[in-house]
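Asks: After the structure tokens below, expect a handful of questions from me.
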Amino acid sequence: MEKKTKKATKPSRDGSESNIWSFLTQKGTAASFICITLFAILVRIAVSIHPYSGAGTPPKYGDYEAQRHWMEITLNLPVKEWYRNSTVNDLKYWGLDYPPLTAYQSYIHGLFLRYFDPQSVELYTSRGYESYIGKLLMRWTVLLSDVLIFFPAVMYFIIVYYSGIHEGSKSGRLWHFAMILLNPCLILIDHGHFQYNCISLGLTVAAVSAILSDRDIVGSILFSFALNHKQVLSRLAPFERGIYEDYVANFWCTTSVIVKWKRLFSTQALRILSLVSTVSTCLPSMLLLILAPSRRNFLFGLLSSSLSFYFFSFQVHEKSILLPLLPASFLAIDEPLIFRWLTYFALLSMFPLLRRDELILPYIALYGLFVLLYNAPVQREDTRETRSPFTTLKYFAIACSLLLHIVYLMVTPPRRYPFLFEAVMMLLCFCQFFFVFMYTNMKQWELLKLSSQTVREKKNI
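Residues 9 to 469, numbered by the working numbering, are exactly what the sequence shown covers, in order.
Here's what the structure looks like:
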């Protein structure tokens with residue numbers, strides 16, 4: 009009886025710290041976490057030996073060259089010239105358009121590169137630089153960023169989550185830690201395609217963890233850092249590029265097969281439409297969180313609102329699905345089916361991008377690793393699945409996903425519709441993402457009802 013009362017009450021700061029200490033000193037736990045961490049590092053290294061975005065494709069190469077060029081600019085120009093167009097800083101060639109936090113990150117990484125390979129960051133002459141040592145150093149900057157920022161943040165989250173919100177078994181904690189660290193989408197984008205999402209996402213994980221442990225000011229500061237690392241400046245709303253670019257499984261791109269948004273509406277009209285759609289679809293989740301505030305509702309709210317922004321924001325990239333995947337991974341132990349579903353189709357939505365980068369082999373390997381880890385024998389909410397119409401629909405969607413992979417690799421699309429397979433992929437993924445969005449809102453409604461029922465019961469006592 010005493011144990012139940014303790015679970016129902018809000019843990020105190022002292023009690024929370026005591027639980028954290030006992031969690032860390034639990035016999036065998038530390039060694040297990042170290043093994044998972046080392047394995048996660050090994051997987052990242054294995055992926056990083058494969059090609060990256062824009063490898064050997066002049067004149068602008070790809071994201072790899074953009075990140076290297078920013079190191080070149082921040083190292084060789086004064087701060088006031090970083091964002092200004094000039095004869096030595098042509099903004100049309102991967103101009104630095106991320107906030108100063110990203111610029112200083114590029115500067116620090118540039119110091120690392122200049123120490124070992126000065127030619128890789130020389131002003132102007134280093135454009136398209138792709139020496140072996142240069143590529144190795146660039147890969148190491150991503151790995152170090154991941155290990156120093158994302159890894160500790162995930163550990164922080166696991167400590168907080170299992171000391172104040174969820175009482176799970178040791179195997180469940182280890183499984184949860186592994187599923188977040190070994191997220192195939194993040195690894196493929198950062199260590200394959202080449203980006204530094206691990207920094208902004210790591211800051212976000214730390215911010216969420218701080219808020220869950222009642223350190224709101226710390227959480228606000230960390231989240232501000234996360235926003236100021238990845239939100240673009242001149243492209244905060246890149247209206248000149250249209251409401252969508254390339255193929256992404258959001259609302260605008262998916263429905264463009266029927267509604268030609270770019271032709272029917274002006275950019276100004278689409279700006280307003282995008283804003284209204286994003287805010288209106290976020291609003292129910294925010295209201296439900298206000299009416300029934302709780303840690304669990306907060307995590308569902310994060311997932312719901314991030315999907316709203318993914319669906320309806322102006323100019324969303326396929327890599328933006330990493331943001332909704334983060335709160336889904338937070339809920340992995342309690343909502344494993346939703347976490348698995350979102351991960352499967354997030355991978356599918358990024359498949360065309362990763363194929364262009366020649367990352368098919370690591371894609372398949374990480375897909376298989378995710379399936380193996382997900383089905384590890386740990387205590388989760390979905391240990392037994394009952395037969396239902398939804399089960400049949402689930403298997404049908406997975407079969408379609410696997411078939412689309414094969415068709416995309418083996419079949420040449422019709423000349424009249426060269427992007428037919430990408431469009432079908434995005435339609436399937438959008439439907440699955442929207443299902444997750446509806447489900448998370450439904451869970452928030454259930455939490456509101458449960459909260460109201462608890463209040464009524466207290467009044468009747």
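Don't be surprised by glycine CBs; every beta carbon is placed ideally from N, CA and C.
Note that this is a predicted model, so its numbers are computed, not measured.
#1: Do Glu73 and Gly172 have their C-beta atoms closer together than 8 Å?
#2: How is the alpha helix (DSSP H) around Thr263 delimited, first residue to last?
#3: Under the assumption that Ala234 contacts Leu211 (Cβ atoms under 8 Å), give the Cβ distance between them as a whole number of angstroms.
#4: Where does Lys268 sit, in a helix, a strand or coil, going by DSSP?
#5: If you drop the 5 nearest sequence neighbours on each side, which residues of the same chain put their C-beta closer than 7 Å to that of Asn97?
#6: Look at the Cβ atom of Phe353, then the Cβ atom of Cys437, and state whether they are nearer than 8 Å.
#7: Are there 16 or more other CB atoms within 10 angstroms of the CB of Trp472, so buried, or fewer, so exposed?
#8: Do you know how far the Cα of Thr399 is from the Cα of Ile57?
#9: Below 6 Å CB to CB, which residues in the same chain sit around Leu310 once its five sequence neighbours on both sides are set aside?
#10: Apart from the five residues just before and just after Phe347, which ones in its own chain have a Cβ nearer than 7 Å to its Cβ?
#11: Below 6 Å CB to CB, which residues in the same chain sit around Tyr252 once its five sequence neighbours on both sides are set aside?
#12: With three or more C-beta pairs closer than 8 Å as the rule, is the stretch 181-196 touching the stretch 355-372?
#13: Cα separation between Leu295 and Phe41?
#14: Distance, Cα to Cα, Tyr255 vs Ser179?
#15: How is the alpha helix (DSSP H) around Leu190 delimited, first residue to last?
#16: By Cβ distance, which residues of its chain are closer than 8 Å to His325, with the 5 residues on each side in sequence left out?
#17: Quick one: residues in its chain with C-beta nearer than 6 Å to the C-beta of Tyr60, no 5 flanking neighbours on either side, listed in chain order?
#18: Could you tell me how far apart the beta carbons of Ser293 and Phe320 are, in whole angstroms, since I believe they sit closer than 8 Å?
#19: Which runs of the alpha helix (DSSP H) fall wholly inside the stretch 390-435 and span at least 4 residues, in chain order?
Replies: Working from what's here:
#1: No.
#2: Secondary structure note for Thr263: its alpha helix (DSSP H) is the uninterrupted segment 259-263.
#3: By a beta-carbon distance limit of 8 Å, Ala234 contacts Leu211. Their separation comes to about 4 Å.
#4: Coil, per DSSP.
#5: Within the same chain, and ignoring the five residues on either side of Asn97 in sequence, the residues whose Cβ sits closer than 7 Å to its Cβ are Ile81, Leu85, Glu89.
#6: Yes.
#7: Residue 472 is absent from the structure shown; the chain starts at 9 and stops at 469.
#8: Straight-line measurement puts the Cα of Thr399 at about 38 Å from the Cα of Ile57.
#9: Excluding its 5 nearest sequence neighbours in each direction, Leu310 has C-beta neighbours in its own chain below 6 Å: Pro335, listed in chain order.
#10: Excluding sequence neighbours, Phe347 sits near Ala336, Ser337, Leu339, Ala340.
#11: Hits under 6 Å: Trp260, Cys261.
#12: By the Cβ test, the stretch 355-372 is in contact with the stretch 181-196, since at least three Cβ pairs between them sit closer than 8 Å.
#13: Looking at the two C-alpha atoms, the distance is approximately 38 Å.
#14: The straight-line gap from Cα to Cα measures roughly 39 Å.
#15: Counting along the chain, Leu190 falls outside any alpha helix (DSSP H), and DSSP gives it neither H nor E.
#16: Around His325, the same chain offers Glu253, Asp254, Val256 as residues with beta carbons nearer than 8 Å, after the five sequence neighbours per side are excluded.
#17: Excluding residues up to 5 positions away in sequence, Tyr72, Phe202 lie with their Cβ nearer than 6 Å to the Cβ of Tyr60 in the same chain.
#18: Not a contact, Cβ separation roughly 13 Å.
#19: Whole alpha helix (DSSP H) segments, 4+ residues: 397-418.
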